[in-house]
Amino acid sequence: MGTTDRAAKFYDEQVLDRLNPRMREFAARQEMFFLATSDRHGECDNTFRAGPPGFVQVFDDRTLAYPEYRGNGVLASLGNIQENPHVGILMIDFLRDRIGLHVNGRARVLSDEEMRRERPDLPVDPAPGRRARLWVEVTVEEAYIHCAKHIPHLRKVPARGDRAWGTDDSKRKGGDFFGAAAEAADRAPDEGAHPEAGDPPAGASTPPHAARPAGRAR
């Protein structure tokens, strides 16, 4: 589309293979980010991660990690990472700097015990619902700015009660906001299932996970 020169200039001036000091400071104070993963077939998933400032641990200019708290049990991102370690992280500061940071790299999943053996100084979160069950450690391959042009400037409002970290209470998690559960009764048992390459033909004996929805974890 005639943008080759502009793209080359952006790569030359803005794309690093590490986190420089300002990127490290920025990442270490964020309270949320968006995470992109895909499985071995390239089926994509995008999700949201959040925690108190500092929940993203920046160990050095090429390594960061974030905790996996108790969620809905689907584990889509973790399943994808097990099949395809490439991840894309987008951190956006809507509140102060109104700027974003992309971090692309390769991820590995560690138990909390493994991570603490490797990083004995890792802090322990005092909130029970925010106790990490697993950690995802990312080796940085690319880091670059997301420009401020279309990022809205937001403002924090006082919290309405405690955050329900780790809860299984359906109402506190949002309930059936989009009405999907109300439609489930009309859904065919195998609707939405996508057989994977190498799956046995229909009628063959298969394990429960064989015909999982694309982009979802086992």
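Here the working numbering is used: the first residue of the sequence shown is 5, the next is one more, and so on.
Using N, Cα and C, we set each Cβ at its ideal position, and we do this for glycine too.
Source: prediction; values computed, not measured.
- With a 10 Å radius around the Cβ and a threshold of 16 neighbouring Cβ atoms, Gln61 comes out buried.
- In the three-state reduction of the DSSP assignment, Met27 falls in the helix class, which pools H, G and I.
- In the DSSP assignment, Phe14 falls within the unbroken alpha helix (DSSP H) covering 8 to 18.
- Rounded to whole angstroms, the separation of the alpha carbons of Ser174 and Phe181 is 10 Å.
- Under the Cβ criterion (8 Å, minimum of three pairs), the region 98 to 106 does not count as touching the region 120 to 136.
- Residue Ile93 holds the alpha-carbon nearest to the alpha-carbon of Leu39 among Ile93, Tyr70, Pro156.
- Within the region 52 to 122, the complete alpha helix (DSSP H) segments of 4 residues or longer fall at 80 to 87, 116 to 122, listed in chain order.
- If you draw a straight line from the Cα of Ala184 to the Cα of Arg191, it comes to about 10 Å.
- Ser115 places its beta carbon less than 8 Å from that of Leu138.
- Around the beta carbon of Pro71, 16 or more other beta carbons sit within 10 angstroms, so the residue counts as buried.
- Note: His157 is not bridge-paired with any residue in the DSSP secondary-structure output.
- The DSSP-derived three-state label of Ala40 is strand.
- Secondary structure of Ala147 (DSSP, three-state): strand.
- DSSP places Glu187 in the uninterrupted alpha helix (DSSP H) bounded by 184 to 188.
- By the neighbour-count definition (other C-beta atoms within 10 Å, threshold 16), Asp97 is a buried residue.
- According to DSSP, residue pairing for Asp49 in a beta bridge involves Thr41.
- Remark: C-beta atoms of Glu146 and Arg112 do not approach each other more closely than 8 Å.
- Restricting attention to Glu87, Leu68, Arg123, the CA atom closest to the CA of Met95 is found in Leu68.
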